[in-house]
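Residue numbers (our numbering): 560 to 652. Think of the CB as a built atom: it goes at the ideal place given N, C-alpha and C, for glycine as much as any other residue. Since we're looking at a predicted model, the values are computed, not measured. Here the structure is laid out as structure tokens; the discussion comes afterwards.
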Amino acid sequence: MGNAVYPLPLDEHLARDVAKAAEETGLSRAELMRQALAFGLPKVVEALKRSAGRLTTVDPWPARTARALYRQEDDDHEQIRRLIGAQRFKEVD
Numbered sequence: 560m561g562n563a564v565y566p567l568p569l570d571e572h573l574a575r576d577v578a579k580a581a582e583e584t585g586l587s588r589a590e591l592m593r594q595a596l597a598f599g600l601p602k603v604v605e606a607l608k609r610s611a612g613r614l615t616t617v618d619p620w621p622a623r624t625a626r627a628l629y630r631q632e633d634d635d636h637e638q639i640r641r642l643i644g645a646q647r648f649k650e651v652d
């Protein structure tokens, strides 16, 4: 496997941090940055990856149909009241 060279401009503070870390670890700056990429890349990908997109394969309703359906009044209020009533618990002394 060949090597690829990527010029990496660093601001003054980051360059100083890299030099200090290289000195503390005994690694060259290049090796330190390779290790930092290897260790940190999965975390960066997880934090910055794009969302998967749609959660369903069902196509949305056309806007006109959706407006018409949502304009209709719900007719299931009585059924919902009965279901809620059936879930009530009796208090025990």
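Test item: CB-CB of residue i and residue j under 8 Å
i, j, result
"Val-577", "Arg-593", "no"
"Ala-581", "Leu-591", "yes"
Run of the alpha helix (DSSP H) containing residue i, from where it starts to where it stops
i, result
"Pro-601", "588-607"
"Leu-521", "Lying before the first or after the last residue shown, residue 521 is absent from the chain, which here runs from 560 to 652."
"His-644", "The question names His, yet the displayed sequence has Gly at residue 644. Per DSSP, Gly-644 belongs to the alpha helix (DSSP H) from 636-645."
"Leu-614", "First-last for Leu-614: undefined, no H or E at that position."
"Ala-625", "622-630"
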